[in-house]
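Protein sequence lines, in the order shown, are assigned to chains E and B. In terms of the working numbering, the first sequence opens at residue 7 and continues consecutively. In terms of the working numbering, the second sequence opens at residue 7 and continues consecutively. Don't be surprised by glycine CBs; every beta carbon is placed ideally from N, CA and C. Written out below as structure tokens is the structure these notes cover.
2 protein chains.
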Amino acid sequence: MPEDIYDKIMMLAKRRGFIFPSFEIYGGVAGFYDYGPLGSLLKNNIENLWRRIYLLIDNCMEIHTPTITLYEVLKASGHVDEFTDLTIDCKKCKQSYKVEDIINEGLSPEEAVEKKIVKCPNCKENLKDAYFVNLMFSTKIGIGKSRDAFLRPETAQGIFTDFHLLYRYGREKLPLGVIQLGKGYRNEVSPRQGIIRLREFSMAEAEIFFDPKDKTHTNFRSVKDEKLILFDNVKELEISLEDAVKSGIINNQALAYYMYLTQYFLLTAGVDPKKFRFRKHADNELAHYATECWDAELYSERFGWVECVGIADRSAYDLNAHIESSRTDMYAYRKFKKPELVEVKKIIPNMGVLGPFFKDKAGKIKDLLEKMDGSESKKITVTLDGEKIKIPENCYEIRQKKEKVIGEKFVPHVIEPSYGIDRILYYILEHNYYEGKKKGELYKILKLNSTIAPIKVGVLPLINDNNLIKIAKDIDKNLRDAAIKTYYDDSGSIGRRYARMDEIGTPFCVTVDHDTLKDKTVTIRDRDTTKQIRIKISEIINYFKERIQ
Amino acid sequence: MPEDIYDKIMMLAKRRGFIFPSFEIYGGVAGFYDYGPLGSLLKNNIENLWRRIYLLIDNCMEIHTPTITLYEVLKASGHVDEFTDLTIDCKKCKQSYKVEDIINEGLSPEEAVEKKIVKCPNCKENLKDAYFVNLMFSTKIGIGKSRDAFLRPETAQGIFTDFHLLYRYGREKLPLGVIQLGKGYRNEVSPRQGIIRLREFSMAEAEIFFDPKDKTHTNFRSVKDEKLILFDNVKELEISLEDAVKSGIINNQALAYYMYLTQYFLLTAGVDPKKFRFRKHADNELAHYATECWDAELYSERFGWVECVGIADRSAYDLNAHIESSRTDMYAYRKFKKPELVEVKKIIPNMGVLGPFFKDKAGKIKDLLEKMDGSESKKITVTLDGEKIKIPENCYEIRQKKEKVIGEKFVPHVIEPSYGIDRILYYILEHNYYEGKKKGELYKILKLNSTIAPIKVGVLPLINDNNLIKIAKDIDKNLRDAAIKTYYDDSGSIGRRYARMDEIGTPFCVTVDHDTLKDKTVTIRDRDTTKQIRIKISEIINYFKERIQ
Chain E
7 MPEDIYDKIM
17 MLAKRRGFIF
27 PSFEIYGGVA
37 GFYDYGPLGS
47 LLKNNIENLW
57 RRIYLLIDNC
67 MEIHTPTITL
77 YEVLKASGHV
87 DEFTDLTIDC
97 KKCKQSYKVE
107 DIINEGLSPE
117 EAVEKKIVKC
127 PNCKENLKDA
137 YFVNLMFSTK
147 IGIGKSRDAF
157 LRPETAQGIF
167 TDFHLLYRYG
177 REKLPLGVIQ
187 LGKGYRNEVS
197 PRQGIIRLRE
207 FSMAEAEIFF
217 DPKDKTHTNF
227 RSVKDEKLIL
237 FDNVKELEIS
247 LEDAVKSGII
257 NNQALAYYMY
267 LTQYFLLTAG
277 VDPKKFRFRK
287 HADNELAHYA
297 TECWDAELYS
307 ERFGWVECVG
317 IADRSAYDLN
327 AHIESSRTDM
337 YAYRKFKKPE
347 LVEVKKIIPN
357 MGVLGPFFKD
367 KAGKIKDLLE
377 KMDGSESKKI
387 TVTLDGEKIK
397 IPENCYEIRQ
407 KKEKVIGEKF
417 VPHVIEPSYG
427 IDRILYYILE
437 HNYYEGKKKG
447 ELYKILKLNS
457 TIAPIKVGVL
467 PLINDNNLIK
477 IAKDIDKNLR
487 DAAIKTYYDD
497 SGSIGRRYAR
507 MDEIGTPFCV
517 TVDHDTLKDK
527 TVTIRDRDTT
537 KQIRIKISEI
547 INYFKERIQ
Chain B
7 MPEDIYDKIM
17 MLAKRRGFIF
27 PSFEIYGGVA
37 GFYDYGPLGS
47 LLKNNIENLW
57 RRIYLLIDNC
67 MEIHTPTITL
77 YEVLKASGHV
87 DEFTDLTIDC
97 KKCKQSYKVE
107 DIINEGLSPE
117 EAVEKKIVKC
127 PNCKENLKDA
137 YFVNLMFSTK
147 IGIGKSRDAF
157 LRPETAQGIF
167 TDFHLLYRYG
177 REKLPLGVIQ
187 LGKGYRNEVS
197 PRQGIIRLRE
207 FSMAEAEIFF
217 DPKDKTHTNF
227 RSVKDEKLIL
237 FDNVKELEIS
247 LEDAVKSGII
257 NNQALAYYMY
267 LTQYFLLTAG
277 VDPKKFRFRK
287 HADNELAHYA
297 TECWDAELYS
307 ERFGWVECVG
317 IADRSAYDLN
327 AHIESSRTDM
337 YAYRKFKKPE
347 LVEVKKIIPN
357 MGVLGPFFKD
367 KAGKIKDLLE
377 KMDGSESKKI
387 TVTLDGEKIK
397 IPENCYEIRQ
407 KKEKVIGEKF
417 VPHVIEPSYG
427 IDRILYYILE
437 HNYYEGKKKG
447 ELYKILKLNS
457 TIAPIKVGVL
467 PLINDNNLIK
477 IAKDIDKNLR
487 DAAIKTYYDD
497 SGSIGRRYAR
507 MDEIGTPFCV
517 TVDHDTLKDK
527 TVTIRDRDTT
537 KQIRIKISEI
547 INYFKERIQ
């Protein structure tokens, strides 16, 4: 197979310290990659841009929850039962395959198995006895009486299980936006797409909780005329946010707004707009928790269009599941414009039974019961001083009555933009990779913009002269002290050093030469234009601060 | 038990959105905590300060490697065999204990078990049959032919196993500093110290590779007169870096320099210098990989002195282990000042056997063998086009001879400063917590400095007036656009709002009042002095940029 762009990128990435296969000295294992020095800087810059958009511009809260997640959480969320791949083994080759990977497009894995048309890609044997494999890495917490746990398949559940605390922190207002960045895990049966399909990956997720009766967004107005690039599975169209919502192509303002933020983030990070689109999930593609979902897809010469961000309306699915399973009050509250007369189910404690049964706790339990909503659940439980107490049915009765109420509880809906950072990072490399010839040799440039470029400035003494080196090292140190990441390099010809900086995507170089000794000026070289200008040493920091976000 | 400072901090932390117990709605589990909105900001700020020091000032490289780590890596590093706790069960109480936690100080766990003096802390039963429990969380990668793996107990191994790639990236120069921030895991038998002893924690580690013959550091000179706070297990002493190294209290410059960086980091982050010291490990305390270790200890009213940073000289332990296990060339190279005559063991290929045996590969194998060092290993293996090939012993002989050589290979030594971010975060809260009375009520202030405070500026309209609110919201947005994290608050009296900001450690408030409408000025309130000044709206951003790093 001739080298394609993926091979070229990954070879450059390994040679130049962006990406290494993990555990290579022990033979490696599919689905794991390391970020080297340049890859880590690039990844930090991508994540910081994302964080700036969500944490500062969109004013979300950020939280950090553990990667190890209790069984109970993921049972409630549906992942224990639903987060699976249909898998099939070849008894000849002793290989396991994800059915989806080895069938032709057009059929679902279930259909292909049913029609008995699944063949081993290796020996062409007809395969049968497909089975579902859960894709979570499992582990145990503690010894002896240990508890079952998984590595989280998404960061989102940590947000949902804290919703009541976050809602209170946010003064019980909606919309409420919460973000989390961190590792996610997916124990793929046999990942075959390099860095595009990882078993351990970096995610950035936002969960925006809305009143389901009001999926508007305060910032919508300011961006409503911006254009989104949509793909309806037949053709692409550019359409303004406002028109997309009005015509029903996108269900609501909130979804459209977060699609816009996603587009803004990706294009700012350096994705090629011609290799970017949003595609709507067909009904049979939707995850078990989603009611509407748009993927931000990026185009790769090897992989074609691949999902890098999913923007899903998860409705009330997750909060409902955790309320149901944990019996915790995770409702939001909506005030009516004016008091309304509604049917309510009140819990009327029967003190004749409750009193003798709970003794000195009875008074407090009575107060709690009277405040509760009798329509919520058949089994009544109260939490008293941290202890969960089941209330026997003969301790109360439930009476239906009309009451004037000023508001009501409800379960918020969630819009979730979920970003795969590793894929985005790879696509940024592919979209910004350029090849040419210089003096007959292959010349490679990564045209990373200054916001996300790992190294902002190469600092180069023109020749190996101690006077020039001293000045260059001072400039290098001053730039780093000003939080500008540099790369100091004094080895090889100046041409080779520029080439090295071009290849790793460094937008600017500062060169110190003999004129510097005379007039305290240096040369600034721009990677993309290769134009050079001279400025004073004293102006360097401000010059770059203005050009680098 | 009356509330102590830990209880107070943790209550404030939960109420104000710093720290929540994880999985609380499912009953929780010891050793796991969530960072809420303010805790996440604080944690990000601490990590960013650390990163600024190591990545920019000290000019280290950063890498990111997976948390899931192959068995082979941790077998080689010694963690499979050595990363254990001596554990004992009480058959009556059905509880497991880490022996170290339930014996009096002065004895090692092994001694206590041997002397049969370990008692159940609960029922006082004499306990026996202690056993070692490995503290790593284990999991499996893939299905069927799965591979054993663990969640990493430290980020360091990811750096060691990439050393050869990083050394090449750094142009084969030492010292070479590599950092990693991320999750570490330790499946504690029964953690009992809240956020001080976590099963999943955030670490920041630096591995600085040195030529063992030269543990000097270029930055040492610039800080040699700074004072370190040391504790020799009897008394504290303040001593300059230079004197500490000269007198042999600290083994070498490199160790002393990274101790200084650690002290600088912790004090800049807001640790109380009176509650800070370095303590040297006694020989029987050293981890299996360390030859010298200093702990940065912080003092807590509840926990006493606790290790928050360990600065260890790991010598060549880890690289040696991985060279031995993986047979990868992870050596560094040292040029001699002038060529030296040394005894070398050369591999002399026996082409009469090697030729027929390896056929068309024989020529390439011959070239590789001739370049190898015959003293390295008894079994000779070469890597040809990615394939590892064992060379039968009759294919070569090893001859000792004298040769003029210009340099030699060696295994670098490692100095490792390793930081427990969660503990540091807790101690910063404890050291900056102040209580007083105001109008007869308890008044709490967190005196977090502006570098690490989660919210930099509270933005408050004096009263609930639409004109003031509009201006305040504009100021809030402009500050956030300038990357300054704010908290906008218009509910409750201005006194209560200041109190809220004081309690979460916000160093500044901006108040918009009726004078603002007239002269476009606002009040800036300083948390610690409570002094108020008036400045122009147009000056706000610069005012804070100068005061907030």
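What number of angstroms, rounded off, separates the C-alpha of residue i from the C-alpha of residue j?
i, j, result
"Ser-544 of chain E", "Ala-488 of chain B", "25 Å"
"Gly-380 of chain E", "Thr-387 of chain E", "11 Å"
"Tyr-191 of chain E", "Tyr-77 of chain B", "18 Å"
"Lys-130 of chain E", "Arg-205 of chain E", "27 Å"
"Phe-416 of chain E", "Gly-183 of chain E", "17 Å"
"Asn-132 of chain E", "Gly-200 of chain E", "27 Å"
"Ala-275 of chain E", "Gln-269 of chain E", "10 Å"
"Glu-303 of chain E", "Lys-286 of chain E", "10 Å"
"Phe-226 of chain E", "Ser-497 of chain B", "25 Å"
Which whole-angstrom value describes the C-beta separation of residue i and residue j, a residue pair presumed to lie in contact below a C-beta threshold of 8 Å?
i, j, result
"Asp-107 of chain B", "Arg-22 of chain B", "About 31 Å; that fails the 8 Å criterion."
"Leu-474 of chain E", "Val-518 of chain E", "5 Å"
"Trp-311 of chain B", "Met-265 of chain B", "Not quite, the Cβ-Cβ distance comes to about 16 Å (not below 8 Å), so this is no contact."
"Ile-185 of chain E", "Tyr-60 of chain E", "5 Å"
"Phe-309 of chain E", "Thr-145 of chain B", "Not confirmed; about 28 Å, so no contact."
"Tyr-12 of chain B", "Ser-28 of chain B", "Their Cβ separation, rounded to whole angstroms, is 18 Å, which puts Tyr-12 of chain B and Ser-28 of chain B out of contact at 8 Å."
"Tyr-41 of chain B", "His-70 of chain E", "4 Å"
"Gly-442 of chain E", "Arg-503 of chain E", "Between Arg-503 of chain E and Gly-442 of chain E the Cβ distance is about 18 Å, and since that is not below 8 Å, they are no contact."
Starting from residue i, trace the beta strand (DSSP E) both ways and give me its first and last residue.
i, result
"Thr-93 of chain B", "90 to 96"
"Asn-140 of chain E", "137 to 140"
"His-419 of chain B", "419 to 426"
"Asp-154 of chain B", "153 to 157"
"Asp-480 of chain E", "Segment 472 to 487 is the alpha helix (DSSP H) holding Asp-480 of chain E; no beta strand (DSSP E) there."
Leaving out the 5 sequence neighbours to the left and right, which residues in its chain are closer than 8 Å to residue i when beta-carbon positions are compared?
i, result
"Thr-527 of chain B", "Asp-521, Arg-540, Ile-541, Lys-542 and Ile-543"
"Tyr-549 of chain B", "Ile-530 and Ile-541"
"Ala-82 of chain B", "Ala-327, His-328, Glu-330, Ser-331 and Ser-332"
I'd like the list of long-range same chain contacts for residue i, defined as Cβ closer than 7 Å, with 5 residues on each side in sequence excluded.
i, result
"Trp-56 of chain B", "Ala-210, Phe-271 and Tyr-425"
"Ile-354 of chain E", "Tyr-402, Glu-403 and Arg-405"
"Ile-554 of chain B", "Ser-456, Lys-462 and Ile-490"
"Glu-291 of chain E", "none"
"His-437 of chain E", "Gly-276, Val-277, Asp-278 and Lys-281"
Near residue i, what residues of its chain come up, given a Cβ to Cβ distance below 6 Å and the 5 sequence neighbours on each side ignored?
i, result
"Glu-294 of chain B", "It should be pointed out that residue 294 of chain B corresponds to His in this sequence rather than to Glu. So the qualifying residues of the chain are Gly-84 and Glu-88."
"His-419 of chain E", "Phe-216, Pro-218, Ser-321 and Ala-322"
"Asn-257 of chain B", "Glu-298"
"Lys-410 of chain E", "Pro-345 and Leu-347"
Could you spell out where the alpha helix (DSSP H) holding residue i opens and where it closes?
i, result
"Val-119 of chain E", "115 to 120"
"Phe-169 of chain E", "169 to 175"
"Phe-550 of chain B", "546 to 553"
"Ile-11 of chain E", "11 to 21"
"Pro-362 of chain B", "357 to 364"
"Asp-525 of chain E", "520 to 525"
"Gly-501 of chain E", "500 to 509"
"Asp-373 of chain E", "368 to 377"
"Phe-166 of chain E", "162 to 166"
"Leu-261 of chain B", "259 to 275"
"Tyr-103 of chain B", "No alpha helix (DSSP H) contains Tyr-103 of chain B, which is instead part of the beta strand (DSSP E) from 101 to 104."
Under 9 Å between beta-carbons, which chain A residues line up against residue i? List them in chain order, please.
i, result
"Arg-205 of chain E", "As a matter of chain content, chain A is missing from the structure shown, whose protein chains are E and B."
Worksheet item: When the Cβ atoms of the region 437 to 450 of chain E are set against those of the region 32 to 44 of chain E, are three or more pairs found closer than 8 Å?
Response: no
Fill in: contact_flag[the region 95 to 115 of chain B, the region 343 to 355 of chain B] where n(CB pairs < 8 Å) is 3 or more
No contact exists between the region 95 to 115 of chain B and the region 343 to 355 of chain B.
Worksheet item: Contact between the region 114 to 129 of chain E and the region 158 to 169 of chain E: three or more CB pairs below 8 Å?
Response: Using a C-beta cut-off of 8 Å, the region 114 to 129 of chain E makes no contact with the region 158 to 169 of chain E, since fewer than three inter-stretch Cβ pairs fall below that distance.
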